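Here's the structure we're looking at; comments come further down.
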Amino acid sequence: MIAAGADVGGSRLVESRSPQAPGDLLVAVPAADRGDVHAAAERGRRAQRGWWDASAGQRAGALKQLSGALSDRAAEAADLVVREVGKPVVEARAEVARAISILDYYAQQSFAPVGAVMPASMPGRLWTERRPHGLAGLITPWNFPLAIPLWKSAPALAAGNGVLLKPSPESAACALWLGELVADALPDGLVQVLPGGADAGAAVVEVADVVSFTGSAAVGRQVAITATQGGTSVQAEMGGQNAAIVLPDADAAHAASLVAQASMGFAGQKCTATRRVVVVGPEARQREVRAALVAAVEAVAVGDPAAEGTAMGPVITEDARRRVAAAATMVRESGGQVLAGGDATDDDGWFLTPGLADGLGPDHILAQEELFGPFVLVQSATDVAEAVALAEGVRYGLVTSVHGRDAGQLLDVVASVGTGMVKVNAPTTGVDFYAPFGGERDSSYGQREQGAVALDFYSSSRTVTFAPHA
Ligand code: NAD
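Mapping to my numbering: the sequence shown position 164 is 190, numbers consecutive.
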């Protein structure tokens, strides 16, 4: 959280506080200014040359060493994630485990083929080879404060790049902690962490040779435009307004428990969280699924994120809590019904009760735009075609889940929705770390993240024609 009056766009302080105990200040550091970012880029370029001159085995070994260091300090890392962003401890541990797996995976990917040999049309040889861009500028959000910086850095490093990481102010402590861990395992200056806000982010876009952004749609669009205008390769992973479609033959209680998990886990602060539930069927079925949703949402364990049984802690800032509570008021004022929760609690931190709402038209702003909190809307459809049209009727296209038994109908929905990811009988949240990750329309720009394709994004391919001397 940025302190009142602190201007992280300039050269002032970046402060990060615990959302469950706002009096708990984790870090207060000066924001990097444009000059700092340019100096870091110069240093990073020197380090990158040595990194690329080193062997693939040395790069793999260094990434493996970093994975080992994170494993050794996994409990400390998870505690820091809980404290800084209020992520429930079970999920924080899972994030750290994922980060370790990502490092191991890309350590091995350092040995992946770097090109292809083709038959030459004349005597000689013809081949392609991947080469690093140089410096990767990574701009990250606060909600996966270790995993997202690492799922960008690890492929960038495996492909031979250096890294400038501009983390979100709300997760500055996690990023600086990671920076120290990296400094022990990797060459000096190869990965640099630059805390700050919009100005530091813009300066990183200015100096980087390749840019990877994750965050909101508004900022991502701006970053993509600026990078493209400067001729820099860019990818942007942004928001979602993800739907869960509940078909008539789905077990209502089971589907509702998956929706509750996907919409309320970590207080709905995942880009893949379920934001809308589209229930297919006649009146009686609509009532049955709504009752199951109310029961599942009310059963979500809200409380101290450090406690083992907690599924939902606080939201990230006071402002985020105000936005979610205002949404419940807006539902009532628009003629809709709040079926459960949606209220701020009296606790010290930024806690709310899980919110479930009904009765808004598909064009209502709450149906169209991402609230990024523990709040989910129910929508009704009489048949599958109407459900798909509702699910698809937003500007985002990140992920859809569909719940039911009939394989033919499930496959029809999979074929009909246009999101970058589809989950069948599974929560919208969570995608295996080695599978491509990304969306369509306003959810993503550029190439997918994760998996082997990430190495292509962080590389530039060149073609070599090699003819014998006359
Ligand atoms: P945000 O857009 O506010 O900030 C993201 C990052 O951009 C931060 O580091 C911020 O300091 C920086 N930034 C802000 N203005 C900038 C500018 N003008 N130029 C360059 N950098 C700038 O997002 P957030 O609130 O940190 O994260 C929440 C959002 O992230 C949600 O919309 C969520 O859906 C999205 N998200 C998407 C994914 C995905 O993979 N699709 C994953 C996680 C989060």
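Backbone N, C-alpha and C define an ideal beta-carbon position, used for all residues, glycine too. Just so we're clear, the structure is a prediction, and the values are computed from it rather than from any experiment.
Next on the checklist: Measuring CB atoms only, is the region 270 to 278 touching the region 165 to 185, in the sense that at least three cross pairs come out at less than 8 Å?
Outcome noted: No contact exists between the region 270 to 278 and the region 165 to 185.
Checklist entry - Can you round the beta-carbon distance between R418 and V443 to whole angstroms, since I take them to be within the 8 Å contact cut? => result Numbered from 1 along the sequence shown, position 392 holds the residue referred to as residue 418. Numbered from 1 along the sequence shown, position 417 holds the residue referred to as residue 443. It should be pointed out that residue 418 corresponds to Glu in this sequence rather than to Arg. Yes, E418 and V443 are in contact; Cβ-Cβ is about 6 Å, under 8 Å.
Item to check | DSSP-derived helix/strand/coil call for V208 | outcome: Taking the sequence shown and counting its residues from 1, one reaches residue 208 at position 182. In the structure shown, V208 sits in a helix (DSSP, three-state: H, G or I).
Next on the checklist: Cutting at 7 Å between CB atoms, please list the residues of its own chain near Q312, excluding the five before and the five after it.
Outcome noted: Sequence index remark: in the sequence shown, residue 312 carries index 286 (1-based). Cβ within range, chain order: V305 and S406.
Item to check | Residue ranges of each beta strand (DSSP E) within the region 121 to 205, 3 or longer | outcome: Counting only runs of 3 or more residues that sit fully inside the region 121 to 205, the beta strand (DSSP E) segments are 151 to 158, 161 to 165 and 188 to 192, in chain order.
Item to check | the region 148 to 162 contacting the region 227 to 235, beta-carbon criterion three pairs below 8 Å | outcome: In the pairwise beta carbon analysis, the region 148 to 162 is classified as touching the region 227 to 235: at least three pairs are separated by under 8 Å.
Next on the checklist: Using 8 Å for Cβ pairs, my map puts L96 next to A125. What's the rounded Cβ distance?
Outcome noted: Along the sequence shown, read from residue 1 onward, the residue named residue 96 stands at position 70. Along the sequence shown, read from residue 1 onward, the residue named residue 125 stands at position 99. Taking C-beta atoms under 8 Å as the contact rule, L96 and A125 qualify, at a distance of about 6 Å.
Item to check | N-terminal and C-terminal residue of the beta strand (DSSP E) that R85 is part of | outcome: The residue you call residue 85 lines up with position 59 of the sequence shown. Per DSSP, R85 belongs to no beta strand (DSSP E); it is in the alpha helix (DSSP H), A82 to D98.
Checklist entry - Closest by CA to V217, which one among G430, D275, L164 and G477? => result One-based indexing of the sequence shown puts residue 217 at position 191. Of the listed residues, the one whose Cα sits closest to V217 is L164.
Checklist entry - What's the C-alpha gap between G241 and A226? => result What you label residue 241 is simply residue 215 of the sequence shown in a count that begins at 1. What you label residue 226 is simply residue 200 of the sequence shown in a count that begins at 1. Taking the straight line from one Cα to the other gives about 15 Å.
Checklist entry - Would you say the region 100 to 112 touches the region 42 to 54, given that touching needs at least three Cβ pairs under 8 Å? => result Yes: the two stretches touch, three or more of their Cβ pairs being nearer than 8 Å.
Checklist entry - Since A351 and G329 are thought to touch, with beta carbons under 8 Å apart, how far apart are those beta carbons, to the nearest angstrom? => result Taking the sequence shown and counting its residues from 1, the one referred to as residue 351 is at position 325. Taking the sequence shown and counting its residues from 1, the one referred to as residue 329 is at position 303. Not confirmed; about 18 Å, so no contact.
Next on the checklist: My output table needs one value for A262: the three-state DSSP class, helix, strand or coil.
Outcome noted: The residue labelled residue 262 in the question sits at position 236 within the sequence shown. Strand at A262.
Item to check | Reduced DSSP secondary structure (H/G/I, E/B, other) of L365 | outcome: Your numbering for residue 365 matches position 339 in the sequence shown. Note: L365 maps to strand in three-state DSSP.
Checklist entry - Okay, do the region 62 to 70 and the region 178 to 193 touch, 3+ Cβ pairs below 8 Å being the bar? => result Verdict: yes, contact present.
Item to check | First and last residue of the uninterrupted beta strand (DSSP E) at H429 | outcome: In the sequence shown, the residue the question calls residue 429 occupies position 403. Membership of H429 in the beta strand (DSSP E) is indicated by the continuous run V425 to H429.
Checklist entry - Would V230 pass as a contact of A286 if the rule is Cβ separation under 8 Å? => result Against the sequence shown, residue 230 aligns to sequence position 204. Against the sequence shown, residue 286 aligns to sequence position 260. Cβ distance not < 8 Å, so V230 and A286 don't count as in contact.
Next on the checklist: How far does the alpha helix (DSSP H) with G76 in it extend, from its first residue to its last?
Outcome noted: The count along the sequence shown starts at 1 and reaches residue 76 at position 50. It spans R60 to D79 - the alpha helix (DSSP H) in which G76 sits, taken as one unbroken run.
Checklist entry - In the region 300 to 384, which residue ranges form an unbroken alpha helix (DSSP H) of at least 4 residues, counting only runs that do not cross its ends? => result Complete alpha helix (DSSP H) runs here, min 4: 309 to 324 and 344 to 359.
Checklist entry - Could you give the distance in angstroms between the alpha-carbon of D482 and the alpha-carbon of Q248? => result Residue numbering aside, residue 482 sits at position 456 when the sequence shown is read from its first letter. Residue numbering aside, residue 248 sits at position 222 when the sequence shown is read from its first letter. Rounded to whole angstroms, D482 to Q248 spans 23 Å at the Cα level.
Item to check | Rounded straight-line distance, which links the Cα of L397 to that of L202 | outcome: Taking the first residue of the sequence shown as 1, we reach residue 202 at position 176. Taking the first residue of the sequence shown as 1, we reach residue 397 at position 371. For L202 and L397, the distance between alpha carbons rounds to 28 Å.
Next on the checklist: Using the Cβ count rule (16 or more neighbours within 10 Å means buried), how would you classify D432?
Outcome noted: Against the sequence shown, residue 432 aligns to sequence position 406. Label assigned to D432: exposed.
Next on the checklist: Tell me the rounded alpha-carbon separation between M356 and R301.
Outcome noted: The count along the sequence shown starts at 1 and reaches residue 356 at position 330. The count along the sequence shown starts at 1 and reaches residue 301 at position 275. Computed Cα separation, rounded: 16 Å.
Item to check | Strand pairing of F401, partner residues [DSSP] | outcome: Against the sequence shown, residue 401 aligns to sequence position 375. Looking at the DSSP output, F401 shares a beta bridge with G381.
Checklist entry - Going along the chain, which residues of its own chain have a beta-carbon closer than 6 Å to the beta-carbon of V448, five neighbours each way excluded? => result Mapped onto the sequence shown, residue 448 falls at position 422. If we look at V448 and ignore the five residues flanking it on each side, its Cβ neighbours are T426 and V440.
Next on the checklist: Looking at the secondary structure, which residues open and close the alpha helix (DSSP H) in which A513 lies?
Outcome noted: In the structure displayed, the chain extends from 27 to 496; residue 513 sits before or after that span and is not available.
Next on the checklist: If you reduce the DSSP assignment to three classes, tell me which class E232 lands in.
Outcome noted: In the sequence shown, the residue the question calls residue 232 occupies position 206. Taken through DSSP and simplified to helix, strand or coil, E232 comes out as helix.
Item to check | Nearest candidate by alpha-carbon position, reference L386, set G362, V140 and Q473 | outcome: The count along the sequence shown starts at 1 and reaches residue 386 at position 360. Nearest to L386 by C-alpha distance, out of G362, V140 and Q473, is G362.
Item to check | Whole-Å CB distance - V450 paired with P462, under 8 Å assumed | outcome: Residue numbering aside, residue 450 sits at position 424 when the sequence shown is read from its first letter. Residue numbering aside, residue 462 sits at position 436 when the sequence shown is read from its first letter. About 17 Å separates the two Cβ atoms, so there is no contact after all.
Checklist entry - Going by alpha carbons, who is nearest to E102 out of D62, A332 and Y484? => result The count along the sequence shown starts at 1 and reaches residue 102 at position 76. When C-alpha distances from E102 are compared across D62, A332 and Y484, the shortest belongs to A332.
Item to check | For E475: DSSP bridge partner residues | outcome: Within the sequence shown, numbered from 1, the residue matching residue 475 stands at position 449. DSSP output for E475 lists F463 as bridge partner(s).
Next on the checklist: Would you say the beta carbon of L424 is closer than 7 Å to some non-hydrogen atom of ligand 1?
Outcome noted: Locating residue 424 in the sequence shown gives position 398, counting from the first residue. Placement of the Cβ of L424 at a distance of less than 7 Å from at least one heavy atom of ligand 1 is found.
Checklist entry - Between A282 and L365, what straight-line distance do the alpha-carbon atoms span, to the nearest angstrom? => result As a position in the sequence shown, residue 282 is number 256, starting the count at 1. As a position in the sequence shown, residue 365 is number 339, starting the count at 1. Those two C-alpha atoms are separated by around 14 Å.
Checklist entry - Quick one: any contact between the region 128 to 140 and the region 209 to 224, if contact means 3 or more CB pairs under 8 Å? => result No: the two stretches stay apart, fewer than three of their Cβ pairs being nearer than 8 Å.
Checklist entry - What residues in its chain sit with their C-beta under 8 Å from that of V414, if we drop five residues either side in the sequence? => result Along the sequence shown, one-based indexing puts residue 414 at 388. Non-local C-beta neighbours of V414 in its own chain, meaning closer than 8 Å and more than five positions away in sequence, comprise I271, V439, S442 and V443, ordered along the chain.
Checklist entry - Rounded to the nearest angstrom, how far is the Cβ of G498 from that of G465, given a contact under 8 Å? => result Here the chain covers residues 27 to 496 and nothing more, so residue 498 does not appear.
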